[in-house]
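Each number in this note's numbering corresponds to the 1-based position in the sequence shown with 43 added.
These notes concern the structure reproduced below.
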Amino acid sequence: MQDLVQRIYGAGSRFHIGDIAWELASVSPERRAGWRIALWNDGDQDVAWGWIEGNGMLLVVDPARPEVADEVFDWFRELVGPGELLCSVLESETHLIAALETAGFSVEEGRAYYTHHNLGLDNLGTPEVPPGFTLRHARADEIEKRAAVHRAAWSDVAPSKMTADAMAAVMSSWPYRPELDWVVENSDGEFVASALIWLDEQHRAGLVEPVGCAPEYRRLGLGQAVNLGALHALKELGGVEARVCPRGDDGYPIPAKLYQSIGFRPGLRTVNYVAKSN
Ligand SMILES: CC(C)(COP(=O)(O)OP(=O)(O)OC[C@H]1O[C@@H](n2cnc3c(N)ncnc32)[C@H](O)[C@@H]1OP(=O)(O)O)[C@@H](O)C(=O)NCCC(=O)NCCS
Numbered sequence: 044m045q046d047l048v049q050r051i052y053g054a055g056s057r058f059h060i061g062d063i064a065w066e067l068a069s070v071s072p073e074r075r076a077g078w079r080i081a082l083w084n085d086g087d088q089d090v091a092w093g094w095i096e097g098n099g100m101l102l103v104v105d106p107a108r109p110e111v112a113d114e115v116f117d118w119f120r121e122l123v124g125p126g127e128l129l130c131s132v133l134e135s136e137t138h139l140i141a142a143l144e145t146a147g148f149s150v151e152e153g154r155a156y157y158t159h160h161n162l163g164l165d166n167l168g169t170p171e172v173p174p175g176f177t178l179r180h181a182r183a184d185e186i187e188k189r190a191a192v193h194r195a196a197w198s199d200v201a202p203s204k205m206t207a208d209a210m211a212a213v214m215s216s217w218p219y220r221p222e223l224d225w226v227v228e229n230s231d232g233e234f235v236a237s238a239l240i241w242l243d244e245q246h247r248a249g250l251v252e253p254v255g256c257a258p259e260y261r262r263l264g265l266g267q268a269v270n271l272g273a274l275h276a277l278k279e280l281g282g283v284e285a286r287v288c289p290r291g292d293d294g295y296p297i298p299a300k301l302y303q304s305i306g307f308r309p310g311l312r313t314v315n316y317v318a319k320s321n
């Protein structure tokens, strides 16, 4: 799946190899058990994949092989059966939009969507943390603490299911590297904020995913600092640009404000499609 994503990567592509690493590794075994994933190959070359969870599907199709998208939608419809089918694509993925329309899907407004935000690494701000806090990258053996800060930051809406096992899986996924996994530590040695960047060396492009700050430490500038720390490390490792994909709708606006405060600029957005099947 990552091979195909990397091969067709560009400004208009939906996913970065880091998206796939994070989404595959960070979830519970129970959730993973509900997935259905299929790949389409032509000889040695991967040309498409589909990833179904419940009645929703994510897909990647090589834009040079747009006809394969019809097969992916047939598989989706066959596997999920009658009822509502959901699929989201990036607005620039015109080959997928054409196939969605052929398969009977139409745009559905009102659901959550994501906006790609982009940043060149030439003029990064200087990361600063208040007295008593330390900014550094995580180490490969700090799995428990790394899982704990993720849980703390992501339990506002519902308790986070992140475990040490899942974080260990993330930290052993290609292309994870601890030098790009930044944390802020408080004076007790607890991690209180984190930002993980995945580097695609072939495209010199980083993906920031995920970012979080424990609720009691928010609005102190730690989110900014931990992102900037990771972004400087990305530049030192050869990255020239970074992407992050926060929600673009009004239902969850704060992360986009954080990224824009660092210099990220909004670009392409995802679009939700729905179809009824019978
Ligand atoms: C998003 C998050 C990481 C921000 O962390 P933070 O440490 O509070 O962010 P900072 O203090 O560095 O804030 C930087 C800027 O972001 C914006 N911002 C942050 N929180 C905000 C809020 N509650 N309301 C409005 N703007 C906000 C502001 O522009 C702020 O600058 P300012 O304080 O000078 O006005 C934190 O709220 C969080 O962990 N949320 C849950 C997890 C999450 O959604 N992660 C991002 C997913 S893409």
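Where is the CB? At the ideal position from N, CA and C, for every residue including glycine.
Whether residue i touches residue j by CB criterion (8 Å)
i                 : j              : result
threonine 137     : arginine 312   : no
tryptophan 83     : glutamate 121  : no
alanine 285       : leucine 271    : no
arginine 179      : valine 226     : yes
glycine 255       : alanine 236    : yes
alanine 141       : alanine 196    : no
leucine 133       : glycine 55     : yes
leucine 102       : leucine 139    : yes
alanine 347       : methionine 214 : With the chain covering 44 to 321 only, the question about residue 347 has no answer from this structure.
valine 48         : histidine 59   : yes
valine 90         : arginine 108   : yes
phenylalanine 176 : leucine 265    : yes
alanine 155       : arginine 290   : yes
valine 287        : valine 251     : yes
Spatial neighbours of residue i in its chain, beta-carbon cut-off 7 Å, leaving aside the 5 residues before and after
i            : result
alanine 212  : Ala68
valine 123   : Ile95, Asn98
glycine 294  : Ala155
serine 135   : Gly55, Leu311
aspartate 62 : Leu250, Glu252
aspartate 87 : none
Among the options, the one whose alpha carbon lies nearest that of residue i
i                 : options                        : result
proline 221       : Leu280, Ala91, His59           : Leu280
glutamate 152     : Asp184, Ile95, Asp224, Ser131  : Ser131
isoleucine 51     : Asp243, Gly291, Ile186, Pro174 : Asp243
alanine 81        : Pro72, Met44, Arg75            : Met44
glycine 277       : Asn98, Asp87, Leu164           : First, the amino acid is wrong: residue 277 is leucine here, not glycine. Nearest of Asn98, Asp87, Leu164 to leucine 277, Cα basis: Leu164.
glycine 77        : Glu96, Ala91, Met210           : Glu96
arginine 308      : Arg75, Gln49, Val48, His160    : His160
glycine 126       : Phe176, Asn98, Pro296, Leu167  : Asn98
aspartate 199     : Tyr219, Asn229, Ile297         : Ile297
valine 150        : Asn166, Leu167, Gly168, Leu128 : Leu128
valine 111        : Val123, Gly124, Gly168, Gly93  : Gly93
glutamate 187     : Asn166, Glu233, Ala64          : Glu233
phenylalanine 119 : Arg57, Asp105, Asp208, Met100  : Met100
aspartate 85      : Asp105, Asn229, Glu73          : Asp105
alanine 207       : Glu259, Glu144, Glu185         : Glu185
serine 320        : Asp117, Glu73, Leu167, Asp87   : Asp117
proline 173       : Gly310, Trp217, Leu143, Gln267 : Gln267
glycine 65        : Tyr260, Ile240, Gly306         : Checking the sequence shown, residue 65 turns out to be tryptophan, not glycine. Minimum Cα distance to tryptophan 65 is reached at Ile240.
alanine 181       : Glu144, Ala146, Ser135, Tyr219 : Tyr219
serine 304        : Leu167, Gln88, Pro72           : Leu167
valine 314        : Ala299, Gly306, Asp292         : Asp292
serine 230        : Leu223, Tyr260, Ser216         : Tyr260
Sequence-distant residues of its chain with Cβ nearer than 6 Å to residue i (five each side left out)
i                 : result
phenylalanine 148 : Tyr316, Ala318
aspartate 46      : Asp89
glycine 306       : Leu162
serine 216        : Ala64, Ala68
threonine 145     : none
leucine 143       : Tyr316
Contacts around residue i, its chain only, beta-carbon distance under 8 Å, and the 5 residues preceding and following it disregarded
i             : result
valine 269    : Pro170, Leu178, Trp225, Val226, Val227, Ala236, Ser237, Ala238, Val254, Cys256
histidine 193 : Ser203, Met205, Met210, Ser237, Pro253, Gly255
arginine 189  : Ala181, Met210, Met214, Asp224, Val226, Phe234, Ser237
arginine 247  : Gly281, Gly282, Val283, Glu284
Cβ-heavy atom distance, residue i to ligand 3, below 7 Å
i           : result
leucine 164 : No copy of ligand 3 occurs in the structure displayed; its ligands are ligand 1 alone.
>> Give the residues whose C-beta lies closer than 5 Å to at least one heavy atom of ligand 1, in chain order.
In response: Ala196, Val254, Gly255, Cys256, Arg261, Arg262, Gly264, Leu265, Gly266, Gln267, Pro289, Ile297, Pro298, Lys300, Leu301, Ser304
> Unbroken beta strand (DSSP E) runs of length 3 or more, entirely within the segment 93-155: which are they?
Replying inline: 99-104, 126-133
> Could you give the uninterrupted runs of the beta strand (DSSP E) lying entirely in the segment 206-267, keeping only those of 3 residues or more?
Replying inline: 224-228, 234-243, 248-256
> Which runs of the beta strand (DSSP E) spanning at least 3 residues fall entirely within the segment 67-93, listed in chain order?
Replying inline: 78-85
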